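K.L.:
There are 2 protein chains.
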Amino acid sequence: MKRSNAQKLKDALEEDIINGRLLPGDKLDHDALAEKYNVSRTPIREAVQQLVVSGLVIVKPKKGTFVAKVGFDQLIEMFEVMAELEGMCGRLAARRIQPSELERLRTALERCEDRDVMSDPDEYYYENEEFHSCIYDASHNGFLASEARQLKQRLKPYRRLQLQARNRVSNSAAEHRRIYDAIASGNELEAERALKEHVLIQGTRFSDFVSQIRKFGHATPATA
Amino acid sequence: MKRSNAQKLKDALEEDIINGRLLPGDKLDHDALAEKYNVSRTPIREAVQQLVVSGLVIVKPKKGTFVAKVGFDQLIEMFEVMAELEGMCGRLAARRIQPSELERLRTALERCEDRDVMSDPDEYYYENEEFHSCIYDASHNGFLASEARQLKQRLKPYRRLQLQARNRVSNSAAEHRRIYDAIASGNELEAERALKEHVLIQGTRFSDFVSQIRKFGHATPATA
DNA sequence: GATAAATCTGATGTATACATCATTAGCCTT
DNA sequence: AAGGCTAATGATGTATACATCAGATTTATC
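Note that the protein sequences, when read in sequence, are chains P and F. Heads up: the first sequence is residues 11 to 234, going by my numbering. Heads up: the second sequence is residues 11 to 234, going by my numbering.
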């Protein structure tokens, strides 16, 4: 299919933000972008507006548009909601998952537990996504899945930097195992609880991380 | 503050959709709107794009843009998520509500139970909103509150038509009482449960209603 | 009468020019 | 030097013209 410049632009900027090439607080100058991508302000404008809606950028009227710098408190709030959505996915998945889906989930689980994968944060990050994505789909609530993915997207710029916490990967993998068992055995409440906690721990880790930064004052966010 | 035409347009269209002046499936012709509101296609375009993101309208490429006709299944999915979000608000509210907020909630509750209010669906609809809005705020999670409001907005075109179900108003008011008691007494789980159910019942009523329509084939949706 | 090519039309995306408004920077007055 | 007025700048919103593309329609041909 044919994608407009505005769409490509939006994706490109989104990528840049998520991958840390654009940092929270950075300015998005329309004219500069127009020149960089050789397009007029129109598609830039549209792309930016979409990003505003998605929450990744904000505009300060008459000041310019900037990569959203989500406040610490709001970040916690967002993790709280993310945990609830993931928990819900888990609960529904435990009830509704199909054999083929369970198979896919098990594969994802095993990849997460692979020694080679666990030793490479980027690799693990990817397999982790797959694991959670399986659960979204297995909830058999497409709307929920899309909301969860959207919120996760919005949190990405902040999540990447806490996978490096000490032991986080091996703990995460262990939690996956418990989540898988609960879903496989149809234990709705346990699946919900385990997933909720799994996400909330991320939030906690994250807030630890932020405290560290504030205390020692370096380690630019989102810089791998 | 100064609002752009595009913003006003967006609000106007949103209103029209929510209040049933524009029905699901109706076409939004850019040129027609441009003429009607005496603006160029540019602000129309922007307004429409925002509505697309919010899910109220969809564009069929090269066919035109239309008021979203949410499928029955997706509607159920949306109610499921709405119930979860409301339940979460209730749970958090039961834990975090402040005296002044509880006061406001009690006032809202009493309004909902007022005989005059209960006899007027529009009136009740309004007070019902206030009641739920109190709970959103009392969750002390601004992000959650805004997500809940947004989803509620998206469901509005479909909710209004099920308040007319037999006894729905008095049942709803009774449920409010139980919700209030749970929150007031700090019973998190009961608050969550009661609110979830309260919303899910709406979904059920709604699906009953749709079945009716399908069987007897009239009663245009969103026609008060 | 059916099918395929040509054309028409409407929808969409983009460029560009312009208008407006707020903030900033600079200048003037006191 | 402080206050405040004014011009300059930059951000934003809008109008308009144009380009393109896909679906719909017509026409031509068999």
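Glycine residues also receive a C-beta, built at the ideal position from the N, C-alpha and C atoms. Just so you know, these numbers come straight off a predicted model, no measurement behind them.
1. Note down the Cα distance separating SER110 of chain P from TYR190 of chain P, rounded to an integer number of angstroms.
2. With H, G and I counted as helix, E and B as strand and the rest as coil, what does DSSP make of GLY196 of chain F?
3. Return the bridge partner residues of LYS166 of chain F from the DSSP annotation.
4. Pull up the distance between the alpha-carbon of GLN160 of chain F and that of ASP126 of chain P, whole angstroms please.
5. What residue does the beta strand (DSSP E) around GLY4 of chain F start on, and which one ends it?
6. In the DSSP assignment, the alpha helix (DSSP H) including ILE86 of chain P goes from what residue to what residue?
7. Are the C-beta atoms of SER14 of chain F and some chain P residue less than 8 Å apart?
8. For the region 190–200 of chain P and the region 113–124 of chain P, state whether three or more C-beta atom pairs, one from each stretch, are separated by less than 8 Å.
9. Quick one: what does DSSP say VAL209 of chain F is sitting in, helix, strand or coil?
10. Give me the Cβ distance between LEU154 of chain F and GLU202 of chain P, rounded to the nearest whole Å; I'm assuming they're in contact under 8 Å.
11. Leaving out five residues before and five after GLY35 of chain P in sequence, what residues of the same chain have Cβ atoms less than 8 Å from its Cβ?
12. Could you tell me whether the region 95–108 of chain F touches the region 123–141 of chain F, using the rule of 3 or more Cβ pairs below 8 Å?
13. Please classify LEU38 of chain F: does DSSP put it in a helix, a strand, or coil?
14. If you compare alpha carbons, which of P:ARG114, P:ALA42, P:ILE145 and P:ILE68 is closest to GLY81 of chain P?
15. What does a CB cutoff of less than 7 Å around GLU185 of chain F pick up in its chain, not counting 5 residues either side in sequence?
16. Mind checking who ILE68 of chain P pairs with in its DSSP beta bridge?
17. Just curious, the alpha helix (DSSP H) that LYS18 of chain P is in, first and last residue?
18. GLU45 of chain P: buried (16+ other C-beta within 10 angstroms of its C-beta) or exposed?
19. In angstroms, rounded to a whole number, what distance separates the CA positions of ARG178 of chain P and THR214 of chain P?
20. Take the Cβ of LYS37 of chain P as the centre, count every other Cβ of all protein chains shown within 10 Å, and call the residue buried at 16 or more, exposed below.
21. Quick one, which of P:LYS70, P:LEU85, P:SER221 and P:ALA104 has its alpha-carbon nearest ASN197 of chain P's?
22. If you draw a straight line from the C-alpha of HIS150 of chain F to the C-alpha of LEU102 of chain F, how long is it?
23. For GLY152 of chain P, which residues in chain F fall below 8 Å Cβ to Cβ?
24. Going along chain P in order, which residues have a C-beta closer than 8 Å to the C-beta of GLN60 of chain F?
25. Check whether the Cβ atoms of CYS8 of chain F and LEU115 of chain F lie closer than 8 Å to each other.
26. Looking at chain F, is there any beta carbon in it that lies within less than 8 Å of the beta carbon of VAL245 of chain P?
27. Which residue's Cα is closest to the Cα of SER14 of chain F: F:ALA93, F:ILE54, F:LEU33 and F:LYS162?
28. Go to ASN177 of chain F, then tell me how far its alpha helix (DSSP H) extends in each direction, as first and last residue.
29. My output table needs one value for SER149 of chain P: the three-state DSSP class, helix, strand or coil.
30. Using a Cβ-Cβ cut-off of 8 Å, state whether GLU202 of chain P counts as contacting chain F.
31. Cα separation between ASP41 of chain F and ALA148 of chain F?
32. Suppose you measure from the CA of ASP218 of chain F to the CA of ARG169 of chain F; what does that come to, to the nearest Å?
33. Return helix, strand or coil for SER217 of chain F, following the three-state DSSP convention.
34. How would you call GLU94 of chain P, buried or exposed, if buried means at least 16 neighbouring beta carbons within 10 angstroms?
35. Residues of chain P with a CB under 7 Å from the CB of GLU94 of chain F: which are they?
P.N.:
For this structure:
1. 14 Å
2. coil
3. According to DSSP, LYS166 of chain F bridges with nothing at all.
4. 43 Å
5. With chain F represented from 11 up to 234, any question about residue 4 of chain F goes unanswered, as that position is not in the structure.
6. 82–106
7. no
8. yes
9. helix
10. Contact doesn't hold; Cβ gap of about 17 Å is too wide.
11. PHE76, VAL77 and LYS79
12. no
13. strand
14. P:ILE68
15. ALA204 and HIS208
16. P:PHE76
17. 15–28
18. exposed
19. 12 Å
20. exposed
21. P:ALA104
22. 7 Å
23. GLN84 and GLU87
24. GLN59 and VAL63
25. In the structure as shown, chain F begins at 11 and stops at 234. Residue 8 of chain F is therefore absent and cannot be evaluated.
26. In this structure chain P extends from 11 to 234, so residue 245 of chain P is not present and cannot be described.
27. F:ILE54
28. Taken as a continuous stretch (DSSP letters only), ASN177 of chain F belongs to no alpha helix (DSSP H), as it is neither H nor E.
29. coil
30. no
31. 44 Å
32. 13 Å
33. helix
34. buried
35. GLU94 and MET98
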